[in-house]
Amino acid sequence: MFDNVLIANRGEIALRIQRACRALGLKTIVAHSEADRDARYVALADQAVCIGPAAARLSYLSPAVLLLTAEATGAQAIHPGYGFLSENAAFAEQVEAAGLSFIGPTAASIRIMGDKVAAKRAMREAGVPCVPGPDSALPDNAGEIAAIAAEIGYPVIVKAAGGGGGRGMRVVRAPGELAEAIAVTREEAQRAFANPEIYIEKFLQHPRHVEIQVLCDRHGTALWLGDRDCSLQRRNQKVVEEAPAPGIARDLIARIGEACVEACRRIGYRGVGTFEFLYEEEAFYFIEMNTRLQVEHPVTEVTSGLDLVCEQIRVARGERLALTQSEIKLSGHAIECRINAEDPESFSASPGRVTRWDLPGGIGVRIDTHVVAGYVVPPHYDSLIAKLIVHGATREEALIRARIALSEMRVEGISTNIPLHREILEDADFVAGGVDIHFLEKRLAQRRRAGRP
Amino acid sequence: MMEIAEIEQLVRWLEEADLDSIEIDGPSHGLRLRLQREAGSAAADEPSAVLEPPQDDAAEIVTARGPGQFQDRHPAREKPFVRAGDSVRSGDILALVRTGPVYAPVTAPRDGRVEQILATAGDLVGFGSPLFRIR
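Protein chains in written order, with my numbering: chain F, 1171 to 1623; chain H, 343 to 477.
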């Protein structure tokens, strides 16, 4: 049991975690870099300490620095947020070894899910549908590899077992390209993830990205809290997310949700987590599990009425979930737009001082942001500066509210991708619902061909 | 960084132009040269260059390198490492920053005099927190 929390993250999620801690009556300790010294959540914290220079390697990404900070501040728990050290099994282990609570799953769970081959095997055993292909690392023998690929059927995708989030993978369309793709991916896997294991799967041509949110306590209760469609992506980065995924039979989602929860029980999962799937022709294929809170968690919060961060902290304190699966009622439709400090055409980062910051409001509108007028967006980190989350009784109502909200929002001093969001929300195919993961890239390519600046 | 030869060249140019001082601001360093002339003499017969850090009148702020508790004395001693006004040599221990069982020394970056102690024993300090002013 703990009564304070060290927040080992920055930006909007640091503020989000701080709010949850305060709602639960927990003291907050913010560990910040030199670049985030003037952030609002730093001033709002019960205690704040500068842990290092702007470079994340020397601050937010350094387990040693964070453990020392926890010791120096008397922290009893660490919330890692998302990104940075949130899926670092060794860090989770060190935190627990130091006698603190890691607000997340066990190191063992993080480790299984961090190894994509081990994760796939665990999912198959729990009855979660996976992408066709063996749940084991590839052998070294070229002939054996070719036979495996032929059995799956081309196109196939070669992936690093230690990769994830779109990194360390290569599509192979014909047998002649296989040997080189294997060699390059293996080399990259060793270099980037320190794990030379690679595996091979069927490459799906036009999938959607649909994911299931889970919440588990330490007493055997595991719940699924609905689905999210995150198909709007650019370079494997999600841009718009919505809940529920439009046009997918609810009984199919329920079957997948139950399978995810079964997998959680089998591996003794605790806390919040997300099972990511590709969805194509009315079938789900597991790709990976994120063993942490996600950026897009608010769309699930507004459709389920649950505070996921509070629930996550409660289960880390050892409390029992007060809910059962049948008490989870999902209502309406939610859409999240990730507002980034970037050029809407070239997508290059746009750090600097925000001179004007007019936020939208009204019914069904929520903004999660750490930015205020006068804030300086530092150049050192991710460009996410705000999340606009809208909720409506129907998808149509949510779309209308999102358009109005975006029309009210005014940001000056830096560039943002708000114009891109306005365009997406007017796009006939997006409005119809159910676009695949290549949709946004295709639209952007069309735009470039049409000679727009 | 600047080479000694470049500084000597600057000194010669100052003499030839009959100037007293020059300041240079670079992206990675600053330099201020002042020629000391002998009293009562307008001519700079034996000029000497004085190299100083830019801006702050030669005072230097010693900061913490990481988070911890500021300790002005060794845990087994009653006397603090230094008091305001003490002269210190480069490398002298000025204080400790404690995190649990680890005591990290804070050392003097150069010879000088401790003008002011900017933290109080027991304070939680972080990366960059000012601890001493040395001149």
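We treat Cβ as the ideally placed atom computed from N, Cα and C, and that holds for glycine.
Would you please verify whether the beta carbon of residue i is less than 9 Å from any beta carbon of chain H?
i, result
"V1546 of chain F", "no"
"L1238 of chain F", "yes"
"S1229 of chain F", "yes"
"V1175 of chain F", "no"
"V1235 of chain F", "yes"
"V1219 of chain F", "yes"
"T1494 of chain F", "no"
Just mark residue i as buried or exposed, buried being the case when its beta carbon has 16 or more other beta carbons within 10 Å.
i, result
"P409 of chain H", "buried"
"N1311 of chain F", "exposed"
"H1561 of chain F", "buried"
"S1232 of chain F", "buried"
"I1594 of chain F", "buried"
"E1466 of chain F", "buried"
"G368 of chain H", "exposed"
"E1506 of chain F", "buried"
"H371 of chain H", "exposed"
"H1376 of chain F", "exposed"
"G1346 of chain F", "exposed"
"V1152 of chain F", "As shown, chain F starts at 1171 and ends at 1623. That puts residue 1152 of chain F outside it, with no answer to give."
"R419 of chain H", "exposed"
"D414 of chain H", "buried"
"M1579 of chain F", "buried"
"Q1616 of chain F", "exposed"
"Q351 of chain H", "exposed"
What residue range does the beta strand (DSSP E) around residue i cover?
i, result
"C1536 of chain F", "As written in the sequence, residue 1536 of chain F is Arg, which differs from the Cys given in the question. Looking at the DSSP string, the run of the beta strand (DSSP E) that includes R1536 of chain F is V1535 to T1539."
"K1197 of chain F", "K1197 to S1203"
"L1402 of chain F", "A1392 to R1404"
"V1341 of chain F", "R1337 to V1342"
"G372 of chain H", "G372 to R376"
"A1330 of chain F", "V1326 to G1334"
"A1247 of chain F", "A1247 to H1249"
Is there at least one Cβ from chain F nearer than 9 Å to residue i's Cβ?
i, result
"L393 of chain H", "Any reading at L393 of chain H is ruled out, since the residue's pLDDT is 47, under 50, leaving its predicted position unreliable."
"L352 of chain H", "no"
"G470 of chain H", "yes"
"V404 of chain H", "no"
"T449 of chain H", "no"
"V444 of chain H", "yes"
"G454 of chain H", "no"
"L411 of chain H", "According to the sequence provided, residue 411 of chain H is Gln. The question's Leu does not apply to it. It does; some Cβ of chain F falls within 9 Å."
"G368 of chain H", "no"
"L466 of chain H", "yes"
Which value, in whole angstroms, describes the spacing of the CA atoms of residue i and residue j?
i, j, result
"E1314 of chain F", "M1283 of chain F", "26 Å"
"V353 of chain H", "D428 of chain H", "33 Å"
"V392 of chain H", "D360 of chain H", "Here the model assigns V392 of chain H a pLDDT of 47, short of 50, so the residue's position is not dependable and the matter cannot be decided."
"G1390 of chain F", "G1396 of chain F", "19 Å"
"L1463 of chain F", "Y1252 of chain F", "6 Å"
"E394 of chain H", "I346 of chain H", "Low confidence applies to E394 of chain H: its pLDDT is 45, below 50, so where it sits in the model is not reliable enough to give any reading."
"R1398 of chain F", "I1498 of chain F", "16 Å"
"Q1246 of chain F", "A1364 of chain F", "32 Å"
"L1228 of chain F", "R1361 of chain F", "21 Å"
"P472 of chain H", "A1178 of chain F", "23 Å"
"A1288 of chain F", "P1299 of chain F", "15 Å"
"P1304 of chain F", "V1605 of chain F", "29 Å"
"R1484 of chain F", "E402 of chain H", "47 Å"
"G1534 of chain F", "P417 of chain H", "58 Å"
"P451 of chain H", "G1332 of chain F", "44 Å"
"V1219 of chain F", "A1349 of chain F", "51 Å"
"F1454 of chain F", "L1448 of chain F", "6 Å"
"L356 of chain H", "D362 of chain H", "7 Å"
"L375 of chain H", "I476 of chain H", "21 Å"
"R1508 of chain F", "A400 of chain H", "48 Å"
"G468 of chain H", "V1547 of chain F", "22 Å"
Would you mind reading off the limits of the alpha helix (DSSP H) that contains residue i?
i, result
"K1290 of chain F", "K1286 to E1295"
"K1612 of chain F", "F1609 to R1619"
"I1584 of chain F", "That residue, I1584 of chain F, is in no alpha helix (DSSP H); it is neither H nor E in DSSP."
"Y1211 of chain F", "R1210 to L1214"
"G1181 of chain F", "G1181 to A1193"
"H1561 of chain F", "It is not in any alpha helix (DSSP H) - H1561 of chain F instead sits in the beta strand (DSSP E) that spans L1554 to G1562."
"G410 of chain H", "Where G410 of chain H is concerned, there is no enclosing alpha helix (DSSP H), although the beta strand (DSSP E) it sits in stretches over G410 to Q413."
Does the beta carbon of residue i fall short of 8 Å from some heavy atom of the ligand ATP?
i, result
"N1460 of chain F", "Looking at this structure, you won't find the ligand ATP or any other ligand, since it has none at all."
Touch test, the region 1350 to 1363 of chain F against the region 1388 to 1403 of chain F, Cβ-Cβ under 8 Å, three pairs minimum
With fewer than three CB-CB distances shorter than 8 Å, the region 1350 to 1363 of chain F does not count as touching the region 1388 to 1403 of chain F.
Say whether the region 1195 to 1204 of chain F touches the region 1257 to 1271 of chain F, bearing in mind that this needs 3 or more beta-carbon pairs closer than 8 Å, one atom from each stretch.
The region 1195 to 1204 of chain F vs the region 1257 to 1271 of chain F: no contact.
With three or more beta-carbon pairs closer than 8 Å as the criterion, would you say the region 1260 to 1272 of chain F touches the region 1567 to 1576 of chain F?
Under the three-pair Cβ rule at 8 Å, the region 1260 to 1272 of chain F does not count as touching the region 1567 to 1576 of chain F.
Contact between the region 1375 to 1386 of chain F and the region 1422 to 1437 of chain F is defined here as three or more beta-carbon pairs at a separation below 8 Å; is this criterion met?
Because the criterion of three Cβ pairs below 8 Å is met, the region 1375 to 1386 of chain F and the region 1422 to 1437 of chain F touch.
Pairs of beta-carbons, one from the region 1553 to 1560 of chain F and one from the region 1172 to 1183 of chain F, closer than 8 Å: are there three or more?
Counting Cβ pairs under 8 Å, three or more are found: they touch.
Would you check if there are 3 or more beta carbon pairs closer than 8 Å linking the region 1467 to 1476 of chain F to the region 1515 to 1524 of chain F?
Contact between the region 1467 to 1476 of chain F and the region 1515 to 1524 of chain F is absent, with fewer than three C-beta pairs closer than 8 Å.
Contact the region 1321 to 1336 of chain F vs the region 1369 to 1377 of chain F: 3+ CB pairs below 8 Å:
A contact exists between the region 1321 to 1336 of chain F and the region 1369 to 1377 of chain F.
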